[in-house]
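Structure first, commentary second.
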Amino acid sequence: MRRPEPLPRFSRGERLVHRSTSVLVGVLAFTGAALYIPSLALLVGRRPAVEATHIVAGLLLPVPTLLGLVFSASLRADLQALNRMTGTDWRWLRRRDRRTARLPVGKFNGGQKLATATVAGAGLVLFGTGILLLAPARVALPVSVRQGATITHDLFTFGLLVLLAGHIWLAYRHPEARAALRTGLVDRAYAEREHPAWARQNR
Amino acid sequence: MSSEAQGTPIGRRVVLGLLGLGGASVAAGPWISRWLGDVAGALSPHDPTGLSALIPGTGWRYYTVTSGFPYEAPAKYHLTVTGNVDHELTLTTADLQAMPRTKLTRDFQCVTGWRVPNVHWEGVRLAALLDRAGAQAGQQAVTFTSYDGTYTESLTMAQARRDDVLVVDTLDGRPIGRAHGGPVRLLVAPMYGYKSCKWLSSIEVTDRLVPGYWEGFGYDQNAWVGRSNGRTDAPT
Chain A
0 MRRPEPLPRF SRGERLVHRS TSVLVGVLAF TGAALYIPSL ALLVGRRPAV
50 EATHIVAGLL LPVPTLLGLV FSASLRADLQ ALNRMTGTDW RWLRRRDRRT
100 ARLPVGKFNG GQKLATATVA GAGLVLFGTG ILLLAPARVA LPVSVRQGAT
150 ITHDLFTFGL LVLLAGHIWL AYRHPEARAA LRTGLVDRAY AEREHPAWAR
200 QNR
Chain B
0 MSSEAQGTPI GRRVVLGLLG LGGASVAAGP WISRWLGDVA GALSPHDPTG
50 LSALIPGTGW RYYTVTSGFP YEAPAKYHLT VTGNVDHELT LTTADLQAMP
100 RTKLTRDFQC VTGWRVPNVH WEGVRLAALL DRAGAQAGQQ AVTFTSYDGT
150 YTESLTMAQA RRDDVLVVDT LDGRPIGRAH GGPVRLLVAP MYGYKSCKWL
200 SSIEVTDRLV PGYWEGFGYD QNAWVGRSNG RTDAPT
């Protein structure tokens, strides 16, 4: 029997946005850790260079997404789908048997939708507080604002790292999803199991 | 795609909610960091892993203004006392060990917010070094230079002669390590950390005050903890 044709899931533009953002996040996580964790700071040294790298990567972080919003209709469509939680999505979140219940899940499930929104919101907070911390000491920024921005940047980083760990863990558990972000195509049987409503529309 | 067009725009609400939370957290920052400091202060004595030092706003953070962490072996280290003095001094770590020693236990507070409670320091009073070198009458200030080649700090003569201003070589019972500014650094206990020049290489008595490295970036010359730089920390 012939293997069924895989389904197109992510466009070339979307894959580029994902890949470049993940590289930037990797750089930010490593340089951030080297600035924050004392023993790592000692090991790495070169604080001014690490700091500059962190700043440049941070400023570049929104660029792939912004370019994608302008040039990729598929990214815009996916973001619209991610924005809206349906009754199915809430049921998917609530049920323990969500992976086997054959709920009519669309292109994204409820967990993916909420995680995307949380990462986007936390990412914007990190970007904003990062900009506040960028203002050099000679700019008349009240010290309380600098302190608030520091602690907020730290706390949101911890939260985002938890989400990022979950993101990587789920990617590890779902090789078909990883393949979709590498090749743009997803295994049809996997799509029919995890995203049946979407797979049906693309039959 | 009809089914995707349905549903409520929860994503947008989550993003806006988090932005609001982030804004509130920036506004409440000083309060949050004080609270986290209390939590970490309560946890750290019972924490053999040292992980509580990673709680934001607590534990030592190592700052350098140059590319690396400078290092001078204690055996090769020299501290000079120069400027308007009767006899210039060049002191080794052994010379410092042989002088009358002073111990001091204080919280260490950084101007960026982190605070380390109950740090045990040991060393020599700066006033004793100034006396030994014979600082001349009428001199207004003392300038400190780090052997990192860039960092400087300064105090008025009255501040420099305080009991809680030390040249230290021992931290929590151990020789001061490289990251903490060893083998010898300054400790200006009542002021923010940036006054406590790390990797101390020279002490110069001057007739007028020369602002230090961070003062050039707008930080206060008189950096009393809780009464400068717009901060309200408990004094150390």
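Chains A and B, in that order, give the protein sequences. Residues in the first sequence are numbered consecutively from 0, following numbering that gives the first Met the number 0. Residues in the second sequence are numbered consecutively from 0, following numbering that gives the first Met the number 0. All C-beta atoms, glycine included, are put in the ideal place defined by N, C-alpha and C. Bear in mind the structure is a predicted one, so any value in this text is a computation, not a measurement.
Residues of chain B with a CB under 8 Å from the CB of leucine 81/A: which are they? Residues of chain B passing the Cβ test: Gly10.
Any beta carbon of chain B sitting closer than 7 Å to that of alanine 40/A? yes
Considering only C-alpha positions, which residue in the set Ala188/A, Ala196/A, Gln200/A is nearest to arginine 2/A? Per the Cα distances, Ala188/A.
From the DSSP secondary-structure annotation, give me the bridge partner or partners of glutamine 108/B. Arg114/B
With a CB to CB cut of under 6 Å and the five nearest residues on each side skipped, what residues in its chain are close to threonine 30/A? Val49, Thr52, His53
Within the segment 135-177 of chain B, note down every full alpha helix (DSSP H) run reaching 4 residues or more, in order along the chain. 156-159
Cβ of glutamine 135/B less than 7 Å from any chain A Cβ? No, no contact with chain A.
Would you say tryptophan 198/B reaches chain E, if we count a Cβ-Cβ gap shorter than 7 Å as a contact? The question asks about chain E, but that chain is absent: this structure's protein chains are A and B.
With 7 Å as the threshold, decide whether the Cβ of tyrosine 61/B is near any Cβ in chain A. Interface residue, yes.
Between the C-alpha atoms of arginine 137/A and glycine 82/B, what's the straight-line distance to the nearest angstrom? Any reading at arginine 137/A needs caution, since the residue's pLDDT is 48, under 50, leaving its predicted position unreliable; the model's value is listed next. Each residue's alpha carbon lies about 31 Å from the other.
Tell me which residues share the same chain as asparagine 117/B and place their Cβ nearer than 7 Å to its Cβ, disregarding the 5 neighbours each side in the sequence. Thr104, Asp106
Using only the alpha-carbon positions, how far apart do arginine 205/A and glycine 6/B sit? The structure shown does not extend to residue 205/A, since chain A is modelled only from 0 to 202, so the question has no answer here.
Determine the direct distance from the alpha carbon of arginine 124/B to that of glutamine 96/B, and round the result to whole angstroms. The alpha-carbon separation between glutamine 96/B and arginine 124/B amounts to approximately 12 Å.
Buried or exposed: which applies to proline 189/B, given that a residue is buried once 16 or more other Cβ atoms fall within 10 Å of its Cβ? buried
I'd like to know if alanine 222/B contacts chain A, where contact means its C-beta is closer than 7 Å to some C-beta of that chain. no
Which of the residues in the segment 65-99 of chain B, read from start to end, lie with their CB under 9 Å from any CB of chain A? Of all residues in the segment 65-99 of chain B, Thr65, Ser66, Gly67, Phe68 have a Cβ within less than 9 Å of some Cβ in chain A.
Throw me the rounded Cβ distance for the histidine 152/A and glycine 129/A pair, which I believe falls under 8 Å. Yes, they are in contact, since the Cβ atoms of histidine 152/A and glycine 129/A sit about 6 Å apart, within 8 Å.
What does the alpha-carbon distance come out to for the pair glycine 109/A and leucine 39/A? Approximately 37 Å between the Cα atoms of the pair.
Quick one: give me the first and last residue of the beta strand (DSSP E) that glycine 82/B is part of. Unbroken beta strand (DSSP E) run through glycine 82/B: 78-82.
Would DSSP call tryptophan 120/B helix, strand or coil? strand
Residues near threonine 155/B by beta carbon distance below 7 Å, same chain, minus five either side: If we look at threonine 155/B and ignore the five residues flanking it on each side, its Cβ neighbours are Gln139, Ala140, Leu208.
For serine 73/A, report the span of its alpha helix (DSSP H) as first-last. 72-82
Where does valine 187/B fall in DSSP's three states? strand
Work out the CA separation of proline 174/A and tryptophan 168/A for me, nearest whole Å. 11 Å
Pairing CB atoms from the segment 1-16 of chain A with CB atoms from the segment 61-75 of chain A, are three or more of them under 8 Å? yes
Asparagine 228/B: buried (16+ other C-beta within 10 angstroms of its C-beta) or exposed? buried
List the DSSP bridge partners of threonine 7/B. Met84/A
Closer than 9 Å at the beta carbon, the chain B residues around proline 47/A: In chain order, Thr63, Val64, Thr65, Ser66 make up the part of chain B whose C-beta sits under 9 Å from the C-beta of proline 47/A.
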